[in-house]
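One gets my numbering by counting positions in the sequence shown from 1 and adding 44 to each.
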Amino acid sequence: MSIEDDEILQGFIEESLEHLADIENDLLAIEEAGADIDDELVNKVFRAAHSIKGGAGFMGLTVIQELAHAAENVLGMIRSRQLVPDPDIINVLLLASDELQQLIENIEESNEVDISEHLRALNAIYEGKEIPARADAGEQAGPAESAEAAPEPATEPEAAAEEQQEPEPEQPPEPGPAPSAGAEPEPEAAPEPAQAQEPAARPAAAAPAPAAEKKKKVKKSKPKTDTSIRVTVSLLDQLMNLAGELVLSRNQLLQTITSGDVRSAEAVGQRIDLVTSELQEAIMLTRMQPIGNVFNKFPRVVRDLSKKLGRQIDLTIVGKEVELDKTIIEAINDPLTHLIRNSVDHGIEPPDVRVKQGKDPKGLIVLKAYHAAGQVVIEISDDGKGIDGNRLAEIAIKKGLITVEQAKAMSDKERTNLILMPGFSTAEKVTDVSGRGVGMDVVKTNLDQLGGSLDIESEVGKGTTISIKLPLTLAIIPCQIVMTGGERYAIPQVNLEELLRIPAARIKERVERVGDAEVVRLRGNLLPLIRLSDVLGIERTYFDVITEETREDKRRNIADRRSKSSPLFKDGDAAEQEQEAERQDRQTQGERTGGERRQSPSSALNIVVVSTGAMKYGLIVDRLHDSEEIVIKPLGRHLQQCRGYAGATIMGDGRIALILDVSNLARMAGLTSLDGSDRANELAEAAKDAITKTRDKQALLIFSSSPEEQFGVPLNQVERVEKIKQSDIEDVGGRRVMQYRGGSLPLVSIDEVAAVQPLADQEDLLVIVFHLAGKDIGLLAVGPIDAMEIAVEIDDITLKQPGIMGSAIINGHTTMLVDIFEIVQTVNPDWFVDHPMAMLADEEAEVVILVVEDSNFFRNQVKGYMEEAGYSVLEAEDGVEALKVLEEHVDEITMVLTDIEMPNMDGFELTEKIKADPRYQHLPVIALTTLAAEEDVARGKAVGVDEYHIKLDKERLMASVHKYAGAGVTA
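Below is the structure:
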C-alpha cells in the first residue's frame, strides 16, 4: 500500500493516536501496581502496541513498526509475568510511547528519524541486560518532560504551546555498535536484534548534532489534518430532530406571512424561539469535552518531575467528567501545566524537610474541577510550604517592581498577588524547571483572554490553593448590556458581581473622594469607581428632564457638588473653588423650574460592580439594560489594539455592541493594586481585610510631626487637610494662626501638650482641621499622610500621656494616637467654659451609665470620658455580663453604651433583649462603633438602638449622652 494513499493513512493516524491516548496513564498504573500485575490493563497496552505495529507494517512505516514491536516485546514479558515493571522499565516504555506519538504526528518523515536509543533500551530489557546509561540520561532530559510542557513557557503563548507538544531532543548515542542480540523465546521476535542494529549502523546516528537537527525539522512539519471531535450518536439524533422542527417552524412562518395572520405569527415566533434555543444548546454540547482530557496528563507530569526533584508526591484528581468548550480545554493546557509544575517545584517540600516540620514525607496535590454559579472552577491545592507574602514583597523591591512605600501599603492578599507580576520569580537559581520569571503572569494573561479569573489563597507552612474560574463556552456567553454615550456595550456576566443604583438624593452620602480617586461605600467596603465614558474617551452626557434633551455633563468628578470629600490632599485653592461652586449651585437651584436635576431619577448613579479575580471595582454607566446571550465576534484589524474591548457582537436590532474587557479597563483607569497613587483601591482592600477580623477596627489618619515619630487620629474627627507653607503661619498675641476661609484659624502642635519631639522645621507643612466646641482649630503636621482602617491591639499604658490616648503598631511603626479633644482643652481651656459639657458634673451627678465593650482600650477610653464629665460608670465586657449588671442595678442605670461586635452576645442581641424587657425597655441604647456599615445601622435601628456614634469621637458622643442624661433626670 502506497504511503500517498491519504485516506488510509489518515485512518491509521487517527486509530494510532486513539491507542496512544491512554497509554501514558495505563503505564503509570502498571508501575504503581508493581508485582501485582493487572492483566487486563497490561493486555490493553499490549494490544495498542500490537495494533500500531501491524498498521505501520501495512503502511510501510518501518521505523514506527520497529519501535512498536520492541515495546510490544517488553509488554509481552510483563504480561507473561516474566518481568516486574519497576520505574526504570516504565520510564523506557513511557519514552517509547512519547516517541511513537511524535512519529505518528509527523508521519511523512517518520522513516528518517533515528530511534536507535529507544531500541537499545527496549532490547536490553527484553534480553535481561542493564539498561544503557545514555537512555537513562535521555529520560532525565527528554520526552519525560515533554508531557509537562517546556520548563518555562516562552513569552508568547503560541511558543509555549509548541514546546509542550514537542519533547526535548534526546542525546543520540555515541558512535559504536549496538549491543549484540541473544536468542528470543518467541519466533515472532526473532528479527529483533537486526532491527536494533540497523539504525545504529546508519551514518546519521554517528553524531548527535545531525539527529537533533533532524528532529527539529520533523517538529516543523505537521501533518495536514483537520481538527476533529467525537460526538455521540444520540446527540446527532437530537440535532437532526431539532433541525426538522426548525424546518417545520419555518414553513409555518412562511404560511403565516402569506396569509397575513398576525395572531398566528406570534405563536410561530415563540415556537421558533424555543426550537432555536434548544438547537443552540445541543450544538454547544457538541463542542463540550471532559476536562479529564487535560487532567489525564498530569500524573505523568507529577511523577517525572517529583522524581527529578527528589520529592514524594501523591496527585489526587477529582471531577474529570466536568465538561468545557473544546476551545477552552485546549487553551487551559499550558496554564494548568505551569501551575502543577509550580506546586511540585515551589510548593511541596523535600521529604526530610517535611518530616522535620511534622508533616507526612509524601506531599499531596489535589486537582479538582466542579461547577459553580454557571462557571467551571478548577482548584490546584497542595499541602506544601505556602507563599510568604512578605518574602515576595522583599523580592519585588529588590527587582525594582515595587517601592518600599507600596509594599508597606499592601494587604496580605496584595503581597501574595505579586507573584502574578511579569518577570517575578522566587527561584534562587535558574534551572530547566523554574527560575526564569516567565510564568504566572503569562498564566493570568491567558486566563484573562478566556474570560476567566485566578485567585490565590495561601498560608505559610500549610499550603496553597489556586482557584481558576472559567466560562463554560466562549462561543455564546450571557452578558449585561449597558449604555454610555448613546452606545451599547456588553459586560460578560462571568465578571459581573452585582448592579447598584444610587438614587440622586443619596449620592452625597454614598460617594466619597479620596485624593483624585472616587469611591463608594458598599457594605462596609470602599469600592473604587471609574466612569466608562472617561476610560473610553467618550463625552459625558446627562438627560435633562426639563428639556428632555441629552446634554454635555461638565462636572469634573462623579461626586461633584453633592458628595462628602475625604480630607486628604485638598489644598486651600481647591477648597475655595468648591465653596464657590456650592454657592453658585444654591443660587441657580432657586432659579430653576421643575426642581434640581441632580435630584431627579435620571441623575441616579448606575454602577456595575465587576471583578477581575484579585480586584473589584464599580463601573459607572449611563443606563442599565437587560442581560442577553450574545455571540462573540472577533474585533476587526482596525480595533485589534484597543485594550478595553474583548470582542464585539451583533444585537437583535442589527447594531454592533462592543464587549468590554473589564481587566484591561481597570489597567487603563490606573486601578492596579500595586499603584501607590491609587489610594482608593488600597483603602478598599484595607477595609475588606479589616472587616473580616474580629478585633475592633478604627479608621485613622496617619501623619508625622517629626521625621522619627508617627501619629494617628480618628478619621471621622477630621474636617479637612490643608497644605501650607511655613510662611503662611502668623504669630498674633502669642498664638500661631493662619488665614482660613476669610478668618483666622488657631494652630497647635502636639509637642505643646505631649512630651514628643518638636514639630519639624521645614517649609512644607500640613494643617489637619478639627471642629471642636463649635470652633475650628488646626493641628500642625508633616507628611507623608495616609488614611487607613486598622484592626490592631491598642496599648493604653506604655505611651499614654496628656494629648496621647495610647499607641499601636501600624505598618511596622509605633504610632501614637492623638487625643485632639484633650490637646485643645489643654491649650484653649476657655473654649469649654460656656460649653454644655462643662456643667454636666453639677447637673447629672446621679446619672449611672452602663458601658459594654470587650476591648479594654476602648472601654477605658469611654469610661474616662464619662467619669471626666461627672457620670458614674458600670462596666461589662459582653452582652451576657451586661444583662447580669442590669439585673443587679435595675433601678440605677440611666442609659447603656454598647459595642456591636462582642463575644458571647453582641450589641444587637443585647439591645433586643433590653427593649423586650419591660424593666429596661425605657433605657436609651447608644451603639459605639468604629466603622458603621449601612446594613448594621439599619439592623441596629430595627432592634431598638437609639443612636450610633464613633467610639473616639468624644464631643459628639458626649453631646448625645448629655441629651439622654438630661431627659432621664427630668423624667
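Glycine included, each C-beta is placed from N, C-alpha and C at the ideal position.
Own chain residues within Cβ distance below 8 Å of residue i, not counting five before or after
i	result
L494	I372, A375, I376, L514, P515, L518
H415	V366, V421
Reference residue i, options the options, closest by Cα
i	options	result
D935	E921, Y964, E991	Y964
E58	E84, M949, Q145	Q145
I424	A287, I500, R711, T528	I500
A73	V275, I853, P343	P343
L894	E673, A1009, N855, L138	A1009
G172	M121, A440, G430	M121
Y784	S793, T859, V811, L1001	V811
G505	Q806, G402, P176	G402
L530	A548, K552, E596	Before going on, a small fix: residue 530 reads as Gly here, not Leu. Out of A548, K552, E596, E596 has the C-alpha closest to the C-alpha of G530.
E763	L803, H815, A971	H815
L71	T528, V89, I794	V89
L1018	C523, P547, I546, R532	Outside the shown range of the chain (45 to 1015) lies residue 1018, about which nothing can therefore be said.
A710	N855, D492, Y909, L543	D492
S707	K660, N340, R667	K660
E161	D130, E110, I148, E153	E110
R584	V665, K400, V526, E556	V665
T858	V487, L824, I746	I746
K957	T106, T973, A986	A986
R903	I431, T942, D874	T942
I864	N855, D874, I854, P846	P846
D50	D82, I151, L297	I151
E156	G433, E174, V107	V107
Buried/exposed call for residue i, threshold 16 Cβ in 10 Å
i	result
K352	buried
S771	exposed
V757	buried
Q761	buried
A885	Confidence in A885 is poor, its pLDDT being 44 and thus under 50, which makes the residue's placement unreliable; the coordinate value appears in the next sentence. Looking at its Cβ environment, which holds fewer than 16 other Cβ atoms inside 10 Å, A885 is exposed.
P751	exposed
H63	buried
C686	exposed
T955	buried
F1020	The chain is shown from 45 up to 1015; residue 1020 falls before or after that span and cannot be answered.
N87	exposed
Span of the beta strand (DSSP E) around residue i
i	result
I525	520-528
M484	Per DSSP, M484 belongs to no beta strand (DSSP E); it is in the alpha helix (DSSP H), 484-493.
D820	819-834
S511	507-515
L894	892-896
I535	531-536
Residue span of the alpha helix (DSSP H) that contains residue i, given as start and end
i	result
I864	864-871
N650	Where N650 is concerned, there is no enclosing alpha helix (DSSP H), although the beta strand (DSSP E) it sits in stretches over 649-655.
Y909	900-912
F339	336-339
D50	50-65
I96	83-103
S788	Here S788 belongs to no alpha helix (DSSP H); instead the beta strand (DSSP E) covers 787-792.
H113	106-123
K452	448-453
Residues of its chain near residue i, where Cβ-Cβ distance is below 7 Å and the 5 sequence neighbours each way are ignored
i	result
R779	P790
L93	Position check: residue 93 holds Ala in this sequence, whereas Leu was assumed. Within the same chain, A93 has close Cβ partners A112, A115, E116, L119.
D950	G923, I944
P947	D898, D922
Contact set for residue i: own chain, Cβ-Cβ below 6 Å, skip 5 residues either direction
i	result
L1001	H993
I838	G850, A852, F901
R331	D369, K370
K959	Q965, G988
Distance cut-off 6 Å: residue i Cβ against heavy atoms of the ligand GDP
i	result
N900	Here there are no bound small molecules, and the ligand GDP is not part of this structure.
Quick check on the DSSP output: what are the complete alpha helix (DSSP H) runs of length 4 or more inside the segment 129-164, in order along the chain?
Listed in chain order, they are 131-149.
Where are the beta strand (DSSP E) runs, 3 residues long or more, that stay fully inside the segment 689-713, in chain order?
As far as the segment 689-713 is concerned, its whole beta strand (DSSP E) runs of at least 3 residues are 689-694, 700-704.
Every unbroken alpha helix (DSSP H) inside the segment 372-400 [4 residues or more]
Taking 4 residues as the minimum length, the alpha helix (DSSP H) runs contained wholly in the segment 372-400 are 377-386, 395-400, in order along the chain.
For the segment 321-369, which segments carrying the beta strand (DSSP E) assignment without a break, of at least 3 residues, lie completely within its bounds, in sequence order?
Runs of the beta strand (DSSP E) inside the segment 321-369: 332-334, 357-362, 367-369.
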